[in-house]
Amino acid sequence: MAKRPKYRAEDFPAVGSVILAPLADGRLCAGRVLRNQMEGGAQAVLVEVSRWIGTEPPALDLPELRETLSLTHHSHQGKPERFWTWDLVPPSFRVLGQIKLSAADRARKCSCFSGWQGMPLQVLMQWRWDHDREALERELAAAAEKEAEIRRQQAARRAEYMKSLTLETLAEREWFADWDSENRAVPVAECRQLFRTLVAELRAVPRLTSALVKKQVQQSVATLNSWQSPQSWIATIEREDLIEAYEQILCAAKYPLLIHQVERWREW
1 MAKRPKYRAE DFPAVGSVIL APLADGRLCA GRVLRNQMEG GAQAVLVEVS
51 RWIGTEPPAL DLPELRETLS LTHHSHQGKP ERFWTWDLVP PSFRVLGQIK
101 LSAADRARKC SCFSGWQGMP LQVLMQWRWD HDREALEREL AAAAEKEAEI
151 RRQQAARRAE YMKSLTLETL AEREWFADWD SENRAVPVAE CRQLFRTLVA
201 ELRAVPRLTS ALVKKQVQQS VATLNSWQSP QSWIATIERE DLIEAYEQIL
251 CAAKYPLLIH QVERWREW
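When we follow the working numbering, the leftmost residue of the sequence shown carries the number 1, and every step to the right adds one.
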């Protein structure tokens, strides 16, 4: 997983900024910046997407700019479309201007992270769901079939890779190479040592059994659990990387199904 970017508050649009984004069909959509602060370990902005769509930039006092897009397409059930992003505004987007936010705007809550491009994608998807659903569903069905084949091929390649792993090769691994060593909130060195120790302990056993591997891995997970705090350092990036590391070790130890136990033991 990629490191979180290191941007400053001034690298992002100011709170209250209205951002215009191009849709794939040539029209425009808009979103508002509700907050600009540290979130999830990096500077981020909270963006709320407007239900406005147009062919020309709107006036800043247009009431529709303040109306939040509610997603009802597919499995969405009226979800207000807002997200945090660590990314800078894409070159194809532009700041229309700045409006005053209400107290309700400033109090919005959100736990979802996304990229800026999610804004035009969701706006157009919702519009087509409301106005062009039959053609949209045909396109999505064809795309899903193509994507399923790609996933099948990726899964086959990953399965071959996992089968090729050995504890000997993992002993040379630099765990979590993409993690930010300068982020003091994340115990990078401690995590790397924890996994090096786990691999070394498993390698030292003449004959691995399911019970022994289970015991060693459970102890390792318990150690990670003990490092938790009210403000957990394990977010989505770290969680996915940690689970992947355990899965690779279990595959190398020839007990891959124990990964399901890891899911039960972990508290992160």
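Ideal Cβ positions, reconstructed from N, Cα and C, are used throughout, including at glycine. Since we're looking at a predicted model, the values are computed, not measured.
Among the candidates the options, whose CA atom is the shortest distance from the CA of residue i?
i	options	result
proline 90	Trp116, Gly97, Leu96 and Ser75	Trp116
valine 33	Trp175, Pro5 and Ala107	Ala107
lysine 79	Val123, Arg133, Gln193 and Glu10	Val123
valine 199	Leu165, Arg35, Lys6 and Asn225	Leu165
alanine 211	Ser181, Arg35, Gln261 and Ala185	Gln261
alanine 204	Ala171, Glu139 and Ala189	Ala171
histidine 131	Met38, Glu145 and His73	His73
methionine 125	Asp61, Val186 and Cys29	Cys29
serine 70	Trp129, Cys251 and Ser114	Trp129
cysteine 251	Ala9, Arg196, Lys163 and Ser92	Lys163
glutamate 39	Lys109, Lys146 and Val188	Lys109
valine 269	Lys146, Thr236 and Arg157	Summary: the structure shown does not reach residue 269, with the chain confined to residues 1 through 268, and so no result is reported for it.
Can you give the Cα-Cα distance for residue i and residue j, rounded to whole angstroms?
i	j	result
proline 13	proline 63	21 Å
aspartate 11	arginine 4	15 Å
proline 57	proline 120	15 Å
alanine 141	arginine 27	25 Å
asparagine 36	proline 256	43 Å
tryptophan 127	arginine 66	18 Å
glutamine 193	aspartate 180	15 Å
alanine 94	leucine 23	Correcting the residue type first, residue 94 is arginine in the shown sequence and not alanine. Each residue's Cα considered, the two are about 13 Å apart.
glutamate 134	alanine 143	14 Å
glutamate 240	histidine 76	25 Å
leucine 167	proline 206	12 Å
serine 114	glutamate 139	24 Å
cysteine 191	lysine 215	18 Å
aspartate 61	aspartate 25	25 Å
serine 232	alanine 189	17 Å
alanine 59	glutamate 263	51 Å
glutamine 219	isoleucine 99	53 Å
glutamate 147	glycine 118	19 Å
Could you check if residue i is buried or exposed, using at least 16 other CB atoms within 10 Å of its CB as the buried criterion?
i	result
cysteine 112	exposed
serine 50	buried
valine 217	buried
aspartate 105	buried
methionine 1	Only weak support is given to the placement of methionine 1: the predicted model assigns it a pLDDT of 44, under 50, and the value that follows is read from those uncertain coordinates. Exposed.
alanine 269	As displayed, the chain neither begins before 1 nor continues past 268, which places residue 269 out of reach and without an answer.
threonine 169	exposed
glutamate 238	buried
leucine 202	buried
alanine 21	buried
Cβ of residue i within 8 Å of Cβ of residue j?
i	j	result
glycine 16	leucine 101	yes
tryptophan 268	isoleucine 234	yes
leucine 96	valine 18	yes
asparagine 183	glycine 41	yes
tyrosine 7	leucine 88	yes
leucine 258	valine 213	yes
leucine 208	alanine 253	yes
Task: Three or more C-beta pairs below 8 Å linking the region 82-98 and the region 40-48 - done: With a cut-off of 8 Å, the region 40-48 and the region 82-98 count as touching, because enough Cβ pairs lie within range.
Open item on the list: Count Cβ pairs between the region 233-247 and the region 161-181 that sit closer than 8 Å; are there 3 or more?
Closed with: yes
Task: Cβ contact check for the region 152-162 and the region 214-231: 3 or more pairs under 8 Å - done: no
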